[in-house]
Ligand code: ADE
């Protein structure tokens, strides 16, 4: 069964965007997932298809109207899919959320523009408000693309069995160890000797130590959670280039 993504957006041409390429693009072609971009302008008011207005209480920018957004949502068959609203005001999007979305029938992503969406329609629709990080993007489409990319790579059949197995075996809340490939010597820099040794146990031990070192140095928050035994799986998976073999 196809995993179904719907994006509610004022810029439908932004989809599939980068998701039409590489791993996600091939999965899209193979029908493992689908994405439909619904233009919220179609639900706009009057001859000019107005979707926004000025904020009550004053302030800069425009706010997306609740009636317009509600009409767009009402026209979608959610079919058991969560409605997700990417916003810097949301709780942090985690790999655990991604796993939950990927395990279901799909997601509907409401992409805000301008200053955001009227709070009442977010409340009324029960939208899950998630942030992809502590910085402000110009709209929800890029955040939606990030969310969908992270989901799609977990769908059955998208990654090779070797890569999927890696996802399973490193759900321990540490950052990934550093990676090296040929040549063994480059620009006066050597690959760590142990990685050339063929000693699997020694390599595993080195990688574990390297993971711990990099996590401690770069992500004290993750390190504390790991030490407390409350760590979450975040990045020690097949990684952003898990399909590198197919790109070569
Ligand atoms: N929209 C704008 N900025 C965002 C962020 N950091 N996360 C999710 N959605 C956003």
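Numbering (the working numbering), first residue to last: 11 to 258. For every residue, glycine included, the Cβ atom is placed at its ideal position computed from N, Cα and C. Keep in mind it's a predicted model, so treat the numbers as computed, not measured.
- In the assembly as shown, residue 25 is a buried residue. Its beta-carbon has 16 or more other beta-carbons within 10 Å.
- Under the rule that a run must span 3 or more residues, the beta strand (DSSP E) segments found entirely inside the region 137-173 read 138-141.
- A Cβ-Cβ distance of about 5 Å is found for the pair residue 116 and residue 13, placing them in contact under the 8 Å criterion.
- The beta carbon of residue 97 sits closer than 7 Å to at least one heavy atom of ligand 1.
- For residue 47, the three-state secondary structure derived from DSSP is strand.
- Beta-bridge annotation (DSSP): residue 63 is paired with 73.
- Only residues of its own chain outside the window of five on either side were considered, and among them 185 have a CB closer than 7 Å to the CB of residue 229, listed in chain order.
- For the set 35, 85, 70 and 44, the Cα lying nearest the Cα of residue 53 is the one of 85.
- In the DSSP secondary-structure assignment, residue 118 is bridged to 16 and 93.
- Bridge pairing for residue 101: 140 [DSSP].
- Taking 7 Å as the cut-off, one finds at least one heavy atom of ligand 1 near enough to the beta carbon of residue 146.
- For the alpha helix (DSSP H) assignment, the uninterrupted runs of no fewer than 4 residues enclosed by the region 176-238 are, from N- to C-terminal side, 210-228 and 230-237.
- DSSP places residue 55 in the strand class (E or B) of the three-state scheme.
- In this chain, the alpha helix (DSSP H) harbouring residue 35 covers 32-39.
- Three or more Cβ pairs closer than 8 Å define a contact, and the region 104-121 meets that threshold against the region 139-151.
- The Cβ neighbour count for residue 61, taken over all protein chains shown within 10 Å, is at least 16; the residue is labelled buried.
- Residue 205 and residue 219 have their C-alpha atoms spaced approximately 13 Å apart.
- Counting only residues of its own chain and dropping the five nearest sequence neighbours on each side, residue 93 has a CB closer than 6 Å to the CB of 118, 135 and 137.
- Distances between the C-beta of residue 108 and the heavy atoms of ligand 1 are all 7 Å or more.
- For the 8 Å CB-CB criterion, residue 161 and residue 111 form a contact.
- Between residue 17 and residue 43 a beta carbon distance of about 13 Å is seen, past the 8 Å cut, so the two are scored as non-contacting.
- Relative to the Cα of residue 87, the nearest Cα in the group 69, 48, 27 and 97 belongs to 48.
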